[in-house]
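What follows is a short report on a single structure.
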Amino acid sequence: MMIAARPLTDYKMTAREAALLERARLALKRLYGETDETFNGLMKEIAGRVANAKAKRPAELRTLDTERLAEPYWFAKPGRAAYCTYIDRFSGTLKACAHHLPYLKDLGVGLFHPLPLLKPRDGDNDGGFAVADYGAVDPRLGTFDDLKALADGLRQNEMSLVLDVVCNHTAKEHGWARAMLAGDPAYKDFYVVLKTEAEVAAWSEDLVDVFPDTAPGSFTYDPEAGGWVWTTFYPFQWDLNYANPRVFIAMMDVLFDLANAGVEGFRLDSAAYLWKIKGTICRNLPQAHDILLAYRNLLSIVAPGVFLLAEAIEGLDEVISYFGEDHDNSECDLAYNNTFMTALWGSLADGSASTVSEALRMTQAKPAHGVWLNYVRCHDDIIWQALAPWVDQKRLQAWSDLYAGKDHSFADGMAFQAPPGLAPSTCGMAASLCGVGTDALGLARLQLLYAVTCALDGVPMIYMGDELALPNDAHFADDPDKATELRWLHRPQMNWHTAEARLSKDSLQARMFDSIKAVLRAQRSLPGWSTGGAAKSVVSDDSRLLVLQRALTKGRFQCTANFSAERLALPRAMDDLITGNTVNSLSAYQVIWSYEP
Ligand code: GLC
24 MMIAARPLTD
34 YKMTAREAAL
44 LERARLALKR
54 LYGETDETFN
64 GLMKEIAGRV
74 ANAKAKRPAE
84 LRTLDTERLA
94 EPYWFAKPGR
104 AAYCTYIDRF
114 SGTLKACAHH
124 LPYLKDLGVG
134 LFHPLPLLKP
144 RDGDNDGGFA
154 VADYGAVDPR
164 LGTFDDLKAL
174 ADGLRQNEMS
184 LVLDVVCNHT
194 AKEHGWARAM
204 LAGDPAYKDF
214 YVVLKTEAEV
224 AAWSEDLVDV
234 FPDTAPGSFT
244 YDPEAGGWVW
254 TTFYPFQWDL
264 NYANPRVFIA
274 MMDVLFDLAN
284 AGVEGFRLDS
294 AAYLWKIKGT
304 ICRNLPQAHD
314 ILLAYRNLLS
324 IVAPGVFLLA
334 EAIEGLDEVI
344 SYFGEDHDNS
354 ECDLAYNNTF
364 MTALWGSLAD
374 GSASTVSEAL
384 RMTQAKPAHG
394 VWLNYVRCHD
404 DIIWQALAPW
414 VDQKRLQAWS
424 DLYAGKDHSF
434 ADGMAFQAPP
444 GLAPSTCGMA
454 ASLCGVGTDA
464 LGLARLQLLY
474 AVTCALDGVP
484 MIYMGDELAL
494 PNDAHFADDP
504 DKATELRWLH
514 RPQMNWHTAE
524 ARLSKDSLQA
534 RMFDSIKAVL
544 RAQRSLPGWS
554 TGGAAKSVVS
564 DDSRLLVLQR
574 ALTKGRFQCT
584 ANFSAERLAL
594 PRAMDDLITG
604 NTVNSLSAYQ
614 VIWSYEP
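See the structure below:
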């Protein structure tokens with residue numbers, strides 16, 4: 024028998040839930056509270072939808088919620104990394120993913136993050152980031168039931184499903200866009216449409232193109248819409264108009280439905296772009312933060328423990344703001360540590376640890392309640408401009424050139440588009456950027472990047488293929504939908520035959536896979552890894568060495584990394600937790616982990 028969802032009036036919120044609702048109300052009041060009368064009606068509707076979603080939450084997930092409330096940082100367990108991939112490239116389908124859970128478990132994965140898999144538009148869809156239906160899975164990958172089954176299967180194996188919610192824009196073919204164009208009053212103003220070229224020019228003055236080469240400008244003329252539609256990214260990705268509270272509600276329902284299907288964490292795509300004000304860059308505006316604050320609090324009522332990851336690849340100060348001011352005003356639980364990641368590649372290029380050491384110091388400015396998602400590579404380009412506030416363009420350009428393989432450098436990447444006059448971003452798989460397969464020290468470089476990244480406090484993320492030192496996809500341009508988009512260079516097909524080679528001792532794959540496993544294992548072996556202090560860099564006499572320390576519950580952890588191609592003597596012999604050896608010196612790019620109880 025179907026049990027009808029309880030209407031709001033029947034649902035008595037707990038004190039905790041009422042406090043969360045109040046926090047959301049304050050944020051929403053700032054956004055939509057022009058008149059009390061309409062705002063009160065809006066809040067009533069939101070509270071009703073929250074109560075309905077809560078009533079629909081399956082019993083098994085409610086049990087999980089109770090456990091998670093007692094362990095708020097459950098997603099940051101020692102030795103349990105995040106793993107990011109595309110389902111079609113990893114396993115072909117959602118169902119087939121089940122065969123590879125032992126592989127993920129063996130590696131030490133705790134969070135499984137497939138990139139967007141909801142039904143996209145046909146043809147080019149920016150790797151799934153142009154969603155045509157949030158209620159359905161891409162039919163090529165499976166069904167909604169397959170998604171739920173994957174979430175269950177992961178949970179049974181102590182892993183959690185993380186999904187993208189592409190919240191800034193939809194495909195232009197999405198039902199909301201179609202309904203707006205058809206004149207349905209319920210979907211009026213769901214997107215931003217400017218009526219005149221003069222308006223486009225006025226807004227554009229302060230905007231910065233994301234894809235200046237492949238999608239210049241932020242507006243696309245659409246005859247059906249009778250004007251210029253806001254399209255921050257590709258012309259087929261229409262920005263939603265969050266100034267309209269119906270949009271806020273529509274995306275809130277998407278979050279609730281996916282959470283109730285078993286998704287345990289959301290990556291909020293392009294979170295920086297959610298609000299637009301003329302005369303500003305339309306990124307990181309306070310209103311975008313209020314939207315996130317409201318989602319965080321409402322979701323904490325429906326599905327406590329489901330985390331939010333901010334996808335904001337911005338300068339450090341802006342990124343940090345996505346954690347929210349303090350615990351009570353928390354927005355996103357996790358954010359990409361792009362400052363550290365970018366600086367790490369810069370330091371590797373320089374053969375000196377100074378840049379990464381400075382980045383480490385700077386990234387400590389985050390509030391204690393927020394957790395970094397630390398990573399080496401992802402499906403996007405390395406955006407050097409994120410360091411522009413403190414590194415000059417000349418150096419950024421030198422790094423961009425080096426990774427594009429200029430002057431016979433060790434790297435085999437490509438320069439990606441950037442606004443005129445600024446150092447272009449970099450595309451390429453980590454292994455290819457490190458010179459694996461072409462340079463004798465390539466593997467040592469890649470191992471260094473992961474060993475240093477895993478030494479930080481926070482959650483380390485592995486980008487699919489890095490654990491096997493998988494190189495660039497040399498054939499990406501054979502597909503006409505991908506040929507003009509260089510980011511496909513670093514989105515290769517998983518090669519399960521190559522993956523098997525990790526089981527052969529001393530193979531390249533074994534050396535990389537085992538090195539990641541070893542650092543994750545070491546994390547698990549150290550008492551108080553997750554609750555310990557933040558990673559700090561210690562001044563070293565030799566700028567080629569990064570010395571990173573963390574105070575753990577009982578003792579002190581240290582990661583010592585040689586960023587140069589020379590052998591460096593250590594001041595004293597040290598026991599390395601990664602290899603189990605005692606070492607007096609570090610070979611080129613060698614990293615050791617040590618612990619003093
Ligand atoms: C995010 C994604 C990127 C995508 C863009 C537009 O930045 O990571 O891959 O192109 O959003 O959705």
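According to my numbering, the sequence shown is numbered sequentially starting from 24.
By construction, the Cβ of each residue, glycine as well, lies at the ideal position given by its N, Cα and C atoms.
Note that the coordinates shown come from a computational prediction; the quantities given were computed from them, not determined experimentally.
S560 is bridged by DSSP to L571. Here the C-alpha atom of A411 lies approximately 20 Å from the C-alpha atom of Y398.
Y214 carries a strand assignment under DSSP once its states are collapsed to helix, strand and coil. Distances from the CB of H402 to the heavy atoms of the ligand GLC include at least one below 7 Å. DSSP links E90 through a beta bridge to no other residue. Using a 10 angstroms sphere on the CB of S608, the tally of other CB atoms stays under 16, which defines it as exposed. Going by beta carbons, S538 and A592 fall outside the 8 Å limit. Around the beta carbon of D212, a 10 Å sphere encloses fewer than 16 other beta carbons of the protein chains shown; the residue is thus reported as exposed. Out of E181, I324, P139, M182, the CA that lies nearest to the CA of P162 is found in P139. Note on D169: 16 or more other CB atoms within 10 angstroms of its CB, so buried under the neighbour-count rule.
Per DSSP, the unbroken beta strand (DSSP E) holding K142 starts and ends at 141-143. Three or more pairs of CB atoms, one per stretch, sit closer than 8 Å, so the region 394-408 contacts the region 473-488. Distances from the CA of A584 to each of A159, S617, T303 were compared; the closest alpha carbon is that of S617.
In the three-state reduction of the DSSP assignment, D598 falls in the strand class, which pools E and B.
If you check the CB distance, A388 and T378 do not come in under 8 Å. Taking the C-beta atoms as reference points, P494 is found nearer than 8 Å to G460. In this structure, L568 and A376 form a Cβ contact; the two beta carbons are roughly 6 Å apart against a cut-off of 8 Å. The way I'd put it, the region 186-193 does touch the region 287-307; three or more beta-carbon pairs between them come closer than 8 Å.
Residue range 288-291 is occupied by the beta strand (DSSP E) that includes R290.
DSSP places W253 outside any alpha helix (DSSP H); the residue lies instead in the beta strand (DSSP E), whose first and last residues are 250-253. Rounded to the nearest whole angstrom, the C-alpha separation of V216 and W251 is 5 Å.
For N585, the enclosing beta strand (DSSP E) has its first and last residue at 579-585. The straight-line gap separating the alpha-carbon atoms of S353 and K429 is approximately 44 Å. Residue range 377-386 is occupied by the alpha helix (DSSP H) that includes L383. The residues F433, in chain order, have a CB closer than 7 Å to that of D462 in the same chain once the five nearest residues on each side in sequence are set aside. Between the ligand GLC and the CB of G146, the shortest heavy atom gap is not smaller than 7 Å. Judged by the Cβ position, Q179 fails to qualify as a neighbour of the ligand GLC at the 7 Å threshold, every heavy atom of the ligand being at least this far. Take the alpha-carbon of Y214 and the one of T254: they are about 10 Å apart. Short of 7 Å from the beta carbon of A248, and not among the five residues preceding or following it, lie these beta carbons of its own chain, in chain order: L204, V216.
Of the candidates N63, A335, A545, S610, the residue whose Cα lies closest to the Cα of Q581 is A545.
Bridge pairing for E619: R579 [DSSP]. When the beta-carbon positions are compared, L315 and C355 come within less than 8 Å of each other. With contacts defined by Cβ atoms closer than 8 Å, P268 and L43 do not form a contacting pair. The continuous alpha helix (DSSP H) containing S548 extends over residues 531-548. Residue burial is scored here from C-beta neighbours: W261 has at least 16 other C-beta atoms within 10 angstroms and is therefore classed as buried. Within 7 Å of the C-beta of D496 there is not a single heavy atom belonging to the ligand GLC.
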